[in-house]
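For the sequence shown, the numbering used here assigns the number 131 to the initial residue and increments by one for each residue that follows. Don't be surprised by glycine CBs; every beta carbon is placed ideally from N, CA and C. For reference, the structure discussed in these notes is given below.
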Amino acid sequence: MTVLFLFLLLFLLMFIGVPIAASLGLAGSITIMLFSPDSVRSLAIKLFETSEHYTLLAIPFFLLSGAFMTTGGVARRLIDFANACVGHIRGGLAIGAVLACMLFAALSGSSPATVAAVGSIAIAGMVRSGYPQAFGAGIVCNAGTLGILIPPSIVMVVYAAATEQSVGKLFMAGVIPGLMLGLVLMIAIYIVARIKKLPALPRASLREWLRAAREAFWGLLLMVIILGGIYTGMFTPTEAAAVAAVYAGFVALFVYKDLTIRECPKVLLESGKLTIMLMFIIANAMLFAHVLTTEQIPQQITAWVVELGLQPWQFLLVVNIVLLIAGAFMEPSAIILILAPILFPIAMQLGIDPIHLGIIMVVNMEIGLITPPVGLNLFVTSAVTGMPLTAVIRAAMPWLMLLISFLVIITYVPAVSLALPNLLGM
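This is the structure we're talking about:
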């Protein structure tokens, strides 16, 4: 009865247009007030407790680091470096945009930030060189999803907090899938470029390549600091996020000098707005998840699934279908926090590795970011290019098929995700 009321109220609130975060919080709060012995005063404590997770502290720091990197001209230098590497190949500007997305993803941890930073420069460059705007928009919209797969990843941090898994292990598990998806997109672009006879840049000379590498060096070094620091044990992922934010600010202000001291408050304010929005969603989603846990929902569903006799491959198929549907309507962090506590115990019971499950969920969230009606990357791409949302959706759909094929591989070949963590004995 309690569970039915909880979900009916959630869907009713969302149906009448209440924002997702508020819907989750209201559904959880009203259910506690009507059906739980807890007092109303405990709601404030619950909201505070659900947010009081050390792992989640990484989120504002990674967002701040991404804000400094976006404002500080790092994206432009990464694009120049990527073009110097692969621009001479047929369709090289588009391939370079994917490479730039991969590099920026390793700095920001956010898909929308990757699309905004890379797309605002790369798509305009492609159009100037004779590429169709829709082609460039579709590529960057999809390649931007690598922001949550290639570590560091904010969505992985949220999954780790929800399931009490190692953030470092999740980050390492995302490396091979992230590189693999980037490579798949590049190969597909090359094939299309050959068919459509898209232009190529002149091959960069050694001097031009070295100059581009020198300009991008400080941004590339951040990847070494974040991942190297985590895996050598110098600092935790949360501490790495703080180091990244300080380093990104220093580079933007004093090395590249694209940012002035006077502009810093604006960057801090924008980063603060994003943090508040995301943490508000997380706090309300965790309150909702707390009601589920209190009512023993995950345990009941686990017992039901076990009684059904589902095989692991069948369970993972159901998981993907549920996540793809949810991803079309909800923000990734909210989906992770609602569904991870339900799916996690079932996966454990069926012998599915929790890190593998985490990567499957992240790849599903990638697809959700480019799936209408609520795919955030679609809106960011539309804002960056000035294209109508419907045109962006049409441009992104052909590449979406690649991501769905990639999801099948990630789901049913666990070694892709687990090879690196197992190799390093994590």
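A straight line joining the alpha-carbon of V448 with that of L480 spans about 14 angstroms.
Comparing C-alpha distances from L134 to each of G158, G147 and I150 shows the shortest one belongs to G158. Within the segment 473-539, complete beta strand (DSSP E) segments of at least 3 residues are not found at all. In this structure, V435 sits near F445, with a CB-CB distance shorter than 8 angstroms. The DSSP-derived three-state label of A188 is helix. Looking at L408, V493, G349 and I431, the one whose alpha-carbon comes closest to that of V376 is G349. Residue environment for G203: buried (at least 16 other C-beta atoms within 10 angstroms of its C-beta). Looking from the CA of Q429, the closest CA among W443, P471 and P462 belongs to P471.
Residue I468 holds the alpha-carbon nearest to the alpha-carbon of I411 among F137, S241 and I468. Take the alpha-carbon of A382 and the one of L143: they are about 43 angstroms apart. For the 8 angstroms CB-CB criterion, L233 and M199 do not form a contact. Assigned with DSSP and collapsed to three states, S241 falls in helix.
The beta carbon of F418 is closer than 7 angstroms to those of L154, A157, G158 and I468 in its chain, skipping five residues each way along the sequence.
For L422, the enclosing alpha helix (DSSP H) covers residues C394 to T424. Classified as exposed, T520 has fewer than 16 neighbouring CB atoms from the shown chains inside 10 Å of its CB. Short of 7 angstroms from the beta carbon of A197, and not among the five residues preceding or following it, lie these beta carbons of its own chain, in chain order: V397, E400 and S401.
In this structure, the CA atom of S512 is about 10 angstroms from the CA atom of A246. When the five nearest sequence neighbours on each side are left out, the beta carbons in the same chain lying within less than 6 angstroms of the beta carbon of T405 are those of P190 and L193, in order along the chain.
Counting only runs that start and end inside the segment 323-401, the alpha helix (DSSP H) elements of at least 4 residues fall at 336-361 and 367-380.
In this structure, the beta-carbon distance from P395 to G298 does not fall below 8 angstroms. Y361 has its alpha-carbon roughly 35 angstroms from the corresponding atom of L422.
Of the residues assessed, R258 falls on the exposed side of the cut-off, its CB having fewer than 16 other CB atoms within 10 angstroms.
Setting aside the 5 residues that flank it on each side, L533 is surrounded in the same chain by I497, each with a C-beta closer than 6 angstroms to its C-beta; the list follows chain order.
Selection P307, T275, V216 and A252 evaluated against P551 yields P307 as nearest (Cα-Cα). Under the Cβ criterion (8 angstroms, minimum of three pairs), the segment 324-336 does not count as touching the segment 499-517. Annotated as proximal: E425 and T132, with beta-carbon spacing under 8 angstroms. For T275, there is no enclosing alpha helix (DSSP H), since its DSSP letter is neither H nor E. Excluding its 5 nearest sequence neighbours in each direction, M302 has C-beta neighbours in its own chain below 8 angstroms: P281, Y361, L550, P551, L554 and M556, listed in chain order.
Boundaries of the alpha helix (DSSP H) harbouring E437: I427 to L438, taken from the DSSP string. Distance from the CA atom of H420 to the CA atom of V354, rounded to whole angstroms, is 37 angstroms. Here DSSP, grouped into helix, strand and coil, assigns M460 to coil. Counted as a single uninterrupted DSSP element, the alpha helix (DSSP H) harbouring R207 occupies residues V204 to V216.
The beta carbons of I219 and A291 sit no closer together than 8 angstroms.
When the Cα atoms are used, L530 and L473 turn out to be separated by approximately 25 angstroms.
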